[in-house]
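What follows is one structure encoded as structure tokens, with my remarks underneath.
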Amino acid sequence: MPVPVRQPHDDHDDDGGQVTAELAMGLPSLVAVVFMLIWMIGAVSAQARCADAARLGARAAARGEAEAATRAWAQRVAPPGAAIEITRAEGAVRVRVTVAVGGDDIGRLVPVVTVAAVAVAAVEEGLVEHP
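Just add 187 to the spot in the sequence shown (first one is 1) and you have our numbering.
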């Protein structure tokens, strides 16, 4: 009885290098997603700091602090490069803090977003308002 001759064959598919190709495609995408998440966290953090600065400035102005002192109080908490706008009208004071996020250093790879916060406080009775 003839013995069947077995042909040598590979037990695995010929997909050598597939993992390397997938990694080469996936890794840059992962880096981009992580970079965007870090940028978003920075934007949210800047917005929170703007809100804190606006509230602090509005409280200082409501107590009757001079505009320079109010601006100094708000600037202590505001993110670097923030613009502070103080408006007084009809027994209230309004403080608006804005800052651009992104567009500097490595942040040039992401869009520039302007975040802002506004706080309004009633001027406290019996206090003399400074110009």
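All C-beta atoms, glycine included, are put in the ideal place defined by N, C-alpha and C.
Taking the Cα positions, Gly251 is about 14 angstroms away from Ala259. One thing to note: Ala235 has its Cβ no nearer than 8 angstroms to the Cβ of Val305. The beta carbon of Thr301 is closer than 8 angstroms to those of Thr285, Val286, Ala287, Val288 in its chain, skipping five residues each way along the sequence.
Collapsing the DSSP output to three states places Glu272 in a strand. Note: Val288 is bridge-paired with Val300 in the DSSP secondary-structure output. Taking each of Ala255, Ala269, Ala247, Ile271 in turn and checking the Cα distance to Val310, the smallest one comes out for Ala247. Exclusion of the five residues before and after Glu272 leaves Arg283 as the residues of its chain whose Cβ lies within less than 6 angstroms of its Cβ.
If the five residues before and after Ala233 are omitted, its C-beta is found closer than 7 angstroms to the C-beta atoms of Pro266, Val286, Val288, Val302, all from its own chain and listed in chain order.
Only residues of its own chain outside the window of five on either side were considered, and among them Ala304 have a CB closer than 7 angstroms to the CB of Ala238, listed in chain order. Between Val297 and Met223, the CB-CB gap stays under 8 angstroms. Separation of the CB atoms of Ala249 and Ala308 is rounded to 4 angstroms, and the pair is thereby assigned contact status at 8 angstroms. Within its own chain, the residues whose Cβ lies closer than 8 angstroms to the Cβ of Gly244, once the five positions on either side in sequence are excluded, are Thr257, Arg258, Trp260, Ala261, Ile271, Ile273, Val282, Val284, Ala306, listed in chain order.
DSSP places Val220 in the uninterrupted alpha helix (DSSP H) bounded by 205 to 249.
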